[in-house]
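This report refers to the structure that appears directly beneath it.
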Amino acid sequence: MEIRWYIGLAVALFSIGVMGVLTRRNAIIVFMCIELMLNAVNLLLVAFSKMHALSPVGLTNPSVVSNAQIFVFFIMVVAAAEVAVGLAIIVMMYRNTHVVDINFLNRLKN
Amino acid sequence: MDNVLQMVWLIPFLPLIGFLINGLGRNSLSKRMSGIIGSGVILFSFLLSLYVFFNVKGGNSHLAHYFNLIDINSFTIGFDFQIDALSSLFLLIITGVGFLIHVYSTAYMHEEDGKDYAKYFAYLNLFVFSMLLLVMGGNYVILFIGWEGVGLCSYLLIGYWFKNVNYTNAAKKAFVMNRIGDLGFLLAVFWLLSKLGTTNFADVFANLSKLSATDITGITLLLFVGATGKSAQIPLFTWLPDAMAGPTPVSALIHAATMVTAGIYMIARSNVLYNLAPLTQQIIMWVGLATALLAATIALKQNDIKKVLAYSTVSQLGFMFLALGTGNYIAAVFHVMTHAFFKALLFLGSGSVIHGMHHEQDINNMGGLKSKMKITYITFFIGCLAIAGIPPLSGFFSKDSILIGAFEHNKVVYAIALFTACLTAFYMFRLLFITFNGKFRGTEKQWNHLHESPSAMTIPLIILAVLSAIAGFVNIPALFGGSESLTHFLSPVIQQTHQTTLSHTTEYMLMGGAVVLILAVILWAYIKFKNYEPKEETSAFGKTLENKWYVDELYNSILVKPLQAIAAFFNTIVEKKGIDGVVNGVGKAVNYGSRQIRLLQSGQIGNYVLLMVLGILVLFIIQLFF
Amino acid sequence: MNPQDVWITFPELLVWFPLLAGLVCFLFKDNSKVKSWVLLASIITLCISFASLYFSDDVKYLALNKASYTLKYMNNANFILGLDGMGRLLTLLTACAFPIIFVATYNTPYKRAKNFYGLMLLAQSGLMGVFTAMDAMSFYFFWELALIPVYFLSSQWGGERRIQATFKFFVYTFAGSLLMLIGIIYVYLHTININGNGHSFALYAFAGVRLEPSEQNWLFWLFFIAFAIKMPIFPFHTWQPDAYEQSPTATTMVLSGIMVKMGLFACLRWLLPIFPQATIKFDTIIIGLSVIGMLYASIIALKQDDLKRLVAYSSIAHIGLMCAGIFTKTEVGLQGVMLQMFCHGINIIGLWIVIELIERQTGVRKLSQLGGVAHKAPVLTILLVVIALANIALPLTNAFVGEFMLFNGLFAFNKWYAAAAGISIVLAAVYTLNMIQKVFYGEENSITTIIKEIALHEKIILSVVVVLIFLMGVYPQPMINLTKGTVEALMLKFN
């Protein structure tokens, strides 16, 4: 398959994520949208990596190919950690205020 | 000459000592002691001056250098004294008249309590010190030190009764007007220094060829500005009448006999310079003439005994400047001398009247005083005759030599000067008749109190009257077979440009005409004022004269008020709103800006993310298209 | 005398002794003893300063007058202190001023006195440092060190609007200092790299730096604005009346007597030698500003009702004249500035003392509310009149000689400038005499009836000021000789 389809899909996912973050106020949905953006990037990384593997550069120097895929793993690990911390914060927030609206808590003070 | 050289410094030093003793010991000295110290030091200075005077005959002059005031690579200003004919003559006038006035003051000021009495003598001694510095200075800077010093003493003495706001205002006015003149003087000194690198009289006069015509005109004009301040000429004359707020002996010493003649001394001293500046001489002549006339007209209508004398002083000073402007320096110096005698006499006489009348100065409340104050009346009469120029009293000779000089210079000037001389006679005799003749117009209590002054006051009056009568004989013109001793005495120092070329017949005619005219004026004044009754001034012209041509009001509206307005404008608008506004504005702008930018930090995550995305997009677009 | 024989030099003593003495103040438990301690310390500093006069900058005493430490943290930032004629003059002024201030304010109660006096001595140390620094980095360091204690003094012990006034003063001068710092770094990077030792902050390296005319032009302004704010000259002066008015009088004396001299001093020490061409290029502008400032400040002084503000504006006028004198670049002008820096310091401190004495007794500084003090306190009046007359440069007072030379230099530069500036002499007479009249003459009123004659130590200290005024007015030559060498060295740059 041509690379542009992957790019298109990734851009679409990323845009959905961005729009979600910008428009929604529910913290959990915002959170999911962030995950969506991360995964769009992951998808792109994997797709480019695969594309490179077939190019002359990739054939002569295989380590270039694996770099991007290692990054994907990093991102997945970071995302998992983020989910763990982030969800915990959201849960604590819900317990304290019974809201998960991000605009409700706009003061760092008090 | 060497013996003179060693002691001249004592002449100003003695009054300084007197000042220090009286000033520092004013709490412990008795009145008698401070009077003795104050007068004694001046007496010693006078004796020394006499000694110096007889030693400088025959054109001897010498320079005493003590130490350097300023010594840098560009120039050196020494603390030098120069003793020659001119300065020794002034030394005599200052210490001689000064001594008499000190003696007179011991009686005149007896009502003051001990502290103020000592303070008075301290100031008076300080004044004599400054004045001596002025005439002894060997360069323009030392002259200037004395010049400002006498201004300061005049300020202190005019404001001697400092509780009275009017008096302190007069003192302030005198100092400030003098300062305006001093600025001119200083600029002239700077000009000399920048062109010649020296201010020593001898060096300056020896190097005049290095100066261009513009330089000389500029310097002489600026020096003259200084002289107009100190010697009360147009436009800076209005302080002198106000200066009458001081004690009367002060008016006699400072504002008649000595300080105000400093300008004449300075110009006579710089005669070599002025001879090269015909334009300046013209200006001096016209200013002097205009001042003489203006002040004489004002004096016609004044009712304060001291104010009349003050305007008469301004007018006489105008005559002296007229003489200076015609290159007739010796006549000016001669008139300084005779004027010192008769004007001191008149002022002290008026002081005697004021003393007798218990501080009454309005002549409308006097009259018929001659019966109770014989000596004062006679001496005052002699003074009036002298100032009017009746032969053979001193004023006749000195004024005549000025008038002759004016006649040869310009007939119109002569005519105006002669007219002014007639006015002089008129207002002086008006004063005399109103005060001493007719019947008494004051209260009965004043009349009963009225008495002749004590001998400490009358003896100086008598001495001055004798001097006023005979001082003219020191310079009898060749016309009368005289030897013109003063002219010969001063000739080594003064390059007289004016030389009489008139035939004796013309001179006789001029003199005789003038004397007849003046006698007629005196007669007229006698008829008009022998039985004077005070009345309200009705004519507009008379009112203008009474109000001194509204000169004070004019200065007030064209100088003082605008200056105050500008000051208020600068203070409230330019300073607070303008400059400080800009400075504070920078602070306020930062404050305002930060308050606005702070709004971006709304705490809304959505906003942050939106801005972030927009930022990324902008970067993206820049990356793609630029 | 060999350098190795010297274990401490005069500049070091002058800087470190007040610093240590000031730090000791903070350790005092008892607030009352600290007064005697600071008085003692300041008198010792004065003695050191007198001693340094004896050891002139003759070659054989050179080792006593120069100190140099190497700082490890920064390459080539040597810490160089030294005394030349001008430095000796100004350190003497600083050393003289502090005992006078301490005696004059001996009866003034200050809260937390140990902190107050400690900070005063720290300020003295900073000032000494500025006047002895021979290295741009140490100069900058002391320049700021002198400012900071004064900021605390004013903001802690000042009047009602002290926070606002001192904040403005601090930020204003600090902004100027930062401009100067930029300039210092730029010049540093352009100093000649001698035998591969790298650049140098030393004064001689700065003075030898070769800069393009265009570089000189903008660097000149970076430095000059910093100095102009400090002096201050028109139109950078607006912090000054507020700061003077709001500071405690002892601090105002330091500010006006010594700190404003820092700006003038810095022009002479750093600006003229480093940027001679730019100095020549901009002299007309700066002298013009100075002359405008003189007239402007004198006119505004006519309208002031507060004694402190009046003296502040009069000071701006005098500083304007001194600044103009610097930029005339004539021998007489520079010599006049040197002398006048000292004289103005003494005179204005004298004026502040009188104001302080009046304010302490009546609690009032307004001309319109005072009057008739001359009856109640004749000695105070006489002393004030002498000081005020020195302020308007009457002959035989010290300021006359200085102003005479300054005007002379200005006249040599341009007649018309001198004539315009001369008008301020007349205006000075007007506002000074007005002040004397309003405060001392006339009838006493309900406020001034409580005034008593001043105490003995106050009489003595004012008499010292008055004697100094006359001594330097009649025989100023020793002062002139002191700075002759500095002036000649400066003149070499312009011939």
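Chains A, B and C are the protein sequences, given in the same order.
Sequential numbering from 356 applies to the first sequence in this note's numbering.
Sequential numbering from 7 applies to the second sequence in this note's numbering.
Sequential numbering from 8 applies to the third sequence in this note's numbering.
Backbone N, C-alpha and C define an ideal beta-carbon position, used for all residues, glycine too.
Proximity test, Cβ basis, 8 Å: residue i and chain C
i: B/Lys178; result: yes
i: B/Pro172; result: For the sequence presented, residue 172 of chain B should be read as Asn rather than Pro. By this cut-off, B/Asn172 is not an interface position.
i: B/Arg601; result: no
i: B/Gly102; result: no
Within 8 Å, strictly: CB atoms of residue i and residue j
i: B/Pro21; j: B/Leu140; result: no
i: A/Ile362; j: A/Leu391; result: no
i: B/Tyr123; j: B/Gly357; result: no
i: C/Phe241; j: C/Leu296; result: yes
i: B/Glu366; j: B/Gly448; result: yes
i: A/Ala435; j: A/Phe403; result: no
i: C/Ile306; j: B/Phe127; result: no
i: C/Ile457; j: C/Thr388; result: no
i: B/Lys121; j: B/Arg38; result: no
i: B/Ile83; j: B/Val47; result: no
i: B/Leu437; j: B/Ile528; result: no
i: B/Pro255; j: B/Ser111; result: yes
i: B/Ile381; j: B/Ile468; result: yes
Any C-beta of chain B under 8 Å from that of residue i
i: A/Leu377; result: yes
i: C/Ile365; result: no
i: C/Leu499; result: no
i: A/Val438; result: no
i: C/Thr245; result: yes
i: C/Leu396; result: yes
i: A/Val396; result: no
i: A/Val373; result: yes
i: A/Asn416; result: no
i: C/Gln368; result: no
i: A/Ile457; result: yes
i: C/Pro255; result: no
CB contact check: residue i to chain A, cutoff 8 Å
i: B/Gly612; result: yes
i: B/Thr617; result: The residue you asked about is not Thr; residue 617 of chain B is Leu in the sequence shown. So no, B/Leu617 is outside the interface.
Span separating the alpha-carbon of residue i from that of residue j
i: B/Met291; j: C/Leu434; result: 30 Å
i: B/Met7; j: B/Ser489; result: Bear in mind that a pLDDT of 48 at B/Met7, under 50, signals an unreliable position, so the model cannot answer this.
i: C/Leu271; j: C/Glu363; result: 26 Å
i: B/Gly373; j: B/Ile440; result: 6 Å
i: B/Leu228; j: B/Tyr598; result: 55 Å
i: B/Val580; j: B/Ala574; result: 9 Å
i: B/Phe191; j: B/Ala70; result: 24 Å
i: B/Leu399; j: B/Ile476; result: 6 Å
i: C/Trp44; j: C/Ser132; result: 16 Å
Environment of residue i [buried if 16+ CB atoms lie within 10 Å]
i: B/Lys536; result: exposed
i: B/Cys428; result: buried
i: C/Val110; result: buried
i: B/Ala421; result: exposed
i: B/Asn206; result: buried
Nearest-angstrom beta carbon gap, residue j and residue i [assumed within contact, 8 Å]
i: B/Asn443; j: B/Lys376; result: 7 Å
i: B/Leu354; j: B/Ala462; result: Contact doesn't hold; Cβ gap of about 11 Å is too wide.
i: B/Asn481; j: B/Ser491; result: 6 Å
i: B/Thr223; j: B/Leu285; result: 5 Å
i: B/Val320; j: B/Leu246; result: 6 Å
i: C/Val5; j: C/Ala427; result: The question about residue 5 of chain C has no answer, for chain C in this structure spans 8 to 502.
i: C/Thr286; j: C/Leu275; result: Not quite, the Cβ-Cβ distance comes to about 11 Å (not below 8 Å), so this is no contact.
i: C/Asn415; j: B/Phe196; result: 5 Å
i: C/Asn85; j: C/Phe17; result: Rounded, the Cβ-Cβ distance is 18 Å, inconsistent with contact.
Residue-level contact to chain E via CB, residue i, 8 Å cutoff
i: B/Trp197; result: Looking at the structure shown, chain E is missing, and the protein chains on hand are A, B and C.
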